Every structure is written in structure tokens, then in C-alpha cells.
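Asks: Supplied in C-alpha cells, the structure appears directly below.
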DNA sequence: CAGAAGGTCAAGCAGTTGCTTGAAGCATGT
DNA sequence: ACATGCTTCAAGCAACTGCTTGACCTTCTG
């Protein structure tokens, strides 16, 4: 066997350029067409490289997708966890749900302000409902920790909600966030020009109040 | 050429059985694995039929997916359009947003109460963020009409919202609905046993109030 | 300069894909 | 009995898939 895939970067290294180009191409193509509809040859060609290079650098197509996720998320998710912990601590364990939502959703929506961040958000949103086991494994793993932090913080912010009710409300929050990131073009098709899910400032201004109001709705429990 | 794909059903017809089995198998497999990860051979095998039968009856893999969608949606979407028109008319053009949401979302969530309806909801939810052009074309086409009715009714129910704000709020509604239908298992993984997105009664009881509260939130406009 | 190591490449392997083919099966109407 | 037309099937085609191979090239090290 001859693959590195871990002990890289020994000095300036010429090959790291190729590696980065492969990650860029993979991110863009996976986002545009979906994991299953992109071949390693497509990626190699888009990266002006060779089909074997992707396997040399990453070992497999699956590992390449994982590397794409980790490259963008390692920083953002650490920030989200920090912000969540801060707003819980600052409120003495009883945070405002608006702050919790801002800490969880804000960083990823702001990521969409840059072109490459928007491309990644497309990929992340679309991957979130991908049934492919390889994709699921990666998505589950990469969001597991920050997801737990969010659920915990949301529970602390909404102590009046039953587990059931919290579950469903958080599902709505996740759904909205994923749908906005995935940007499938359906709504723009219905609304016509002038609006776009890729406008991350609009997402922050208009979607956050919606979600906050939803989380603050009086409990529906008791309604049998 | 020898394919029917349109002028079928001449009497009792033995072959309609096979056709129905193919639709069932395709719906289940597409829902479980995603359009791209299922081959026509997989479908034929699951339907205890032959690989050529799928192409004989439907012409192509794409047309088979379209037939799966149409079989379930032709009824439901007509009902949704009727309910939307009714609640607008009954309120003299100024419907309650709660009724609009119920008319639009209720029928599809209630579809999830049956086993095959739940399977279809899985497929529909997951297909809504599928970037594959064939899948997009089908999804766009099959939901276009009812989507326009809903946007129109929501606009009538919320006359104080700007086009921008209505767009983003409807995006949140769509997102929640799609995420619930797609049921990717992530939230259940975070919450543990006892809750499930496949519980359609829970969806109606808990998600609808969330979305109604979100739609009723005071306009955020003016906040520059 | 010789060697080693990291990196790139064209070629190829085995398996899968959507779809087609031509021969057969089958019930019907004459 | 015969012909008709819908339906099924095994076999096959060309294209594509993820991944591997072995030969090269380049750069750093002794």
C-alpha cells in the first residue's frame, strides 16, 4: 500500500496544491449534483488532476467527502459549541431561546455569505436528507457533538416544554435551517425573481424571528 | 417500438399486477436508498419481475419515478387545493393562517399515518432536496400547482408581510414539512427512544402550532 | 551524485448501470 | 385451429463506476 491519508505536510510540499484543488472540486460537484451523481473521475477532471490522485490523497470517495465536511466544519462547529456554552453560562443556566438559536444557526447561515461557504451549505443541506449510508455516517458524525449541545441548551431555555414537544419544535428548526441551506430552487420558482434563499442576510433577518416565535409558542400539551 | 406507457387497461389485464408491484417496489426502494442508489434491476427483483418489465411498462427509470409520484399525489394535491380554496372563500378572501397551514400541510402529514403513505412521504421529503435534474423536474412539476395555491392563500392570510418576509417564512414552513417527511433519523439519534418523526399524530399536534406561531410573528421589516 | 520518498499519470480490472433485443408465453376474437 | 396483440424473459450492449497497478517524474537528503 502506498497511501498517506494522514501523515502529510512535511515542508512546503507541492502535492498539497493538488489536494486542495481536489477538495474544492469535490465540494462544488457534490453540492451541485449530489454524492451519488459525481464520479471520482469527474472530480479529478474538475481539479485538473488524475483519477488516481483522489484515491492517493484520501483513500476512497467516502473519505474524500468526509474531508470536505471536516475542512469547513471543524472551525464553525467549535464556534457554535462555544457560543452555546457561553449563552447558557451567562444566563445562569436559563438562557433566552433567541440567543440559543442565534448561537446555533447564526454561524452556519453567516457562512453562506461567502461564495465557498454558500457552496458548502448547499452540500450540507442536501446531504442532511441523503439516505446513502456513507453520507449518513459522515453527517451524523460531524454534527453529533454540536447537535447535542444545541438540544441541551434549547431544553434549558424552554423548561416548560415536554420532551415530545421540544423534539417536534427542534425538528421544525432543523428543517427550516436545512431547507434554507439546501436551496433547491422550488420556492424561488414559485415566487419569481427578487428573492433568494442564498441571501444570507435575509435568512438572518427574517427566518430567525419566525423560529424564535415558534419556539416561544405556548405548549400545546394537554390537547389530547 | 413495442412499449405501451399510455394506452393501457383494455379489460381485466393480467399485466397490471406486475405494473403495480413495480410501483410498490420502486416507491419503497427509492424512499429507502434514494433515486440514484437504486437500479432498475433492484426494483425488478424486489417486484419479483424482470429488468425489462420496468422499461416495458414505464419507458425509463425517470418515468417510473414520475409514475410513483403521480399515483400518490394526484388525489392528495387535489384535496389540498380544494381545502385551500375553501378556507380562502369561507373567510371572504382573508383567511386565518392557521387554516391555510392546516389545509396545505394536514393532508400530507395525515398521509403518513398509513404504512405506504409514510413510505411515500419519506420519498417525497428526500426528493425535495435531490439535486438530480430528473428528480427536480418531477418534483417541480408535481407540486407546482398546489404550491402556487398555498403561496397565494398565505399571502392573503398575512397581508402585513412584505414579499421578502413572506418568502422566508414560507421557506421555514416548507423546510419543517420536508424535514419531518424525510425523517433522516438524526434527531431521533440525538433524542433517544420514545420520540419519532414518523408519528404523524405528533406532527399534527406539535409542529402545526410552531408554524402557526412563526407565521403570526410581528413583521421584522424596518430592522435594517 | 546516488538514493529515497512523495507525488502524478495512463492503463486496466471487475463489477454495475440504463436500456434494448429477439424469442417465447398467453389469453382473446375469429 | 389460427392469428392477434399484450406481456414476460434471458441475454447482451455500450458506457460508466470505484479502485489498483506499475511506470515515471520531481524534490529533498546523505
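Protein chains in written order, with UniProt numbering: chain A, 1 to 224; chain B, 1 to 224.
For glycine and all other residues, C-beta sits at the position ideal for the given N, C-alpha and C.
This structure is a prediction, so every number in the text was calculated from the model and none was measured.
#1: If residue 145/A and residue 81/A are in contact, beta carbons under 8 Å, what's the gap, nearest whole angstrom?
#2: Hey, would you say residue 207/A sits closer than 8 Å to residue 180/A, going by beta carbons?
#3: Pull out every residue of the UniProt domain "HTH tetR-type" (16 to 76) of chain A whose Cβ sits closer than 7 Å to any Cβ of chain B, in chain order.
#4: Compile a chain-ordered list of the residues in the region 151 to 169 of chain B whose CB is closer than 7 Å to at least one CB of chain A.
#5: Kindly say whether residue 206/B, judged by its beta-carbon, lies nearer than 8 Å to any beta-carbon of chain A.
#6: Taking all protein chains shown into account, decide if residue 95/A is buried (16 or more other Cβ within 10 angstroms of its Cβ) or exposed.
#7: Return the first residue and the last residue of the alpha helix (DSSP H) that residue 92/A is part of.
#8: According to the neighbour-count rule (16 or more other Cβ atoms, all chains shown, within 10 Å of its Cβ), is residue 48/A buried or exposed?
#9: Determine, for residue 189/A, whether the minimum Cβ-Cβ distance to residues of chain B falls below 8 Å.
#10: Any beta-carbon of chain B closer than 8 Å to the one on residue 195/A?
#11: Specify whether the region 179 to 193 of chain A and the region 183 to 194 of chain B touch according to this definition: at least 3 beta carbon pairs, one from each stretch, less than 8 Å apart.
#12: Could you say which of 68/A, 99/A, 34/A and 20/A lies nearest to residue 213/A if we only look at CA atoms?
#13: Let me check understanding here. Comparing Cα to Cα, which of 159/A, 34/A and 20/A lies closest to residue 127/B?
#14: Of the residues 141/B, 161/B and 210/B, which one's Cα is nearest the Cα of residue 175/B?
#15: When you compare only the Cα positions, how much space is there between residue 73/B and residue 56/B?
#16: Sorted by chain position, which residues of the same chain lie with C-beta nearer than 6 Å to residue 197/B's C-beta, five sequence neighbours on each side aside?
#17: Specify whether the region 83 to 92 of chain B and the region 129 to 144 of chain B touch according to this definition: at least 3 beta carbon pairs, one from each stretch, less than 8 Å apart.
#18: Residue 105/B to residue 22/B, Cα distance in whole Å?
#19: Beta carbon of residue 31/B, beta carbon of residue 109/B: below 8 Å?
#20: Which residues bound the alpha helix (DSSP H) around residue 309/A?
#21: When the Cα atoms are used, what is the spatial distance from residue 70/A to residue 17/B?
#22: Can you tell which of 178/A, 205/A and 162/A has the C-alpha that lies nearest to the C-alpha of residue 194/B?
#23: Taking only beta-carbon positions, decide if residue 112/B is within less than 8 Å of chain A.
#24: So with Cβ pairs under 8 Å, would you call residue 87/B a contact of chain A?
#25: What's the C-alpha gap between residue 58/B and residue 64/B?
#26: Residues of chain A with CB closer than 8 Å to the CB of residue 129/B, please, in chain order.
#27: Between the alpha carbons of residue 40/A and residue 112/A, how many angstroms are there, rounded?
Replies: Short version:
#1: In the first chain, the residue the question calls residue 145/A occupies position 145. In the first chain, the residue the question calls residue 81/A occupies position 81. Contact flag correct, Cβ pair sits at about 7 Å.
#2: Translated into the one-based positions of the first chain, residue 207/A becomes position 207. Translated into the one-based positions of the first chain, residue 180/A becomes position 180. Yes. Within cutoff.
#3: 32, 33, 34, 36 and 37
#4: 151, 163, 164, 165, 167, 168 and 169
#5: For the purposes of this step, residue 206/B is taken as the residue at position 206 of the second chain. So, interface residue.
#6: Counting from one through the first chain, the residue named residue 95/A turns up at place 95. Label assigned to residue 95/A: buried.
#7: The residue given as residue 92/A occupies position 92 in the first chain. Neither: residue 92/A is in no alpha helix (DSSP H) and is coded neither H nor E.
#8: To locate residue 48/A, count along the first chain from 1; it is residue 48. The residue in question, residue 48/A, is exposed, as its Cβ has fewer than 16 Cβ neighbours within 10 Å.
#9: As a first step, residue 189/A must be located in the first chain, where it is residue number 189. With 8 Å as the cut-off, residue 189/A counts as an interface residue toward chain B.
#10: Numbered from its first residue, the first chain carries residue 195/A at position 195. Answer yes: the Cβ-Cβ gap between residue 195/A and chain B drops below 8 Å somewhere.
#11: no
#12: Translated into positions along the first chain, residue 213/A becomes position 213. Of the candidates 68/A, 99/A, 34/A and 20/A, the one whose C-alpha sits nearest the C-alpha of residue 213/A is 99/A.
#13: Residue mapping note: residue 127/B aligns to position 127 of the second chain, counting from 1. For the residues 159/A, 34/A and 20/A, the minimum Cα distance to residue 127/B belongs to 34/A.
#14: Locating residue 175/B in the second chain gives position 175, counting from the first residue. That would be 210/B, whose Cα lies nearest to the Cα of residue 175/B.
#15: Mapped onto the second chain, residue 73/B falls at position 73. Mapped onto the second chain, residue 56/B falls at position 56. Taking the straight line from one Cα to the other gives about 23 Å.
#16: Taking the second chain and counting its residues from 1, one reaches residue 197/B at position 197. Answer for residue 197/B: 180 and 183, listed in chain order.
#17: no
#18: Taking the second chain and counting its residues from 1, the one referred to as residue 105/B is at position 105. Taking the second chain and counting its residues from 1, the one referred to as residue 22/B is at position 22. Near 28 Å, if we compare the C-alpha coordinates of residue 22/B and residue 105/B.
#19: To locate residue 31/B, count along the second chain from 1; it is residue 31. To locate residue 109/B, count along the second chain from 1; it is residue 109. No, they are not a contact pair.
#20: Residue 309/A is absent from the structure shown; chain A starts at 1 and stops at 224.
#21: The residue given as residue 70/A occupies position 70 in the first chain. The residue given as residue 17/B occupies position 17 in the second chain. So the two alpha carbons sit approximately 48 Å from each other.
#22: To locate residue 194/B, count along the second chain from 1; it is residue 194. Minimum Cα distance to residue 194/B is reached at 162/A.
#23: Here residue 112/B corresponds to residue number 112 of the second chain, with the count starting at 1. It does not; no Cβ of chain A falls within 8 Å.
#24: Here residue 87/B refers to the residue found at position 87 of the second chain. Output row for residue 87/B: interface = no.
#25: Position 58 of the second chain, counted from the first residue, corresponds to residue 58/B. Position 64 of the second chain, counted from the first residue, corresponds to residue 64/B. Going from the Cα of residue 58/B to the Cα of residue 64/B covers about 5 Å.
#26: As a first step, residue 129/B must be located in the second chain, where it is residue number 129. Near residue 129/B (Cβ distances below 8 Å), the residues of chain A are 125, 126, 128, 129, 178, 179, 182 and 184.
#27: The residue you call residue 40/A lines up with position 40 of the first chain. The residue you call residue 112/A lines up with position 112 of the first chain. Using only the alpha carbons, I get a separation of about 26 Å.
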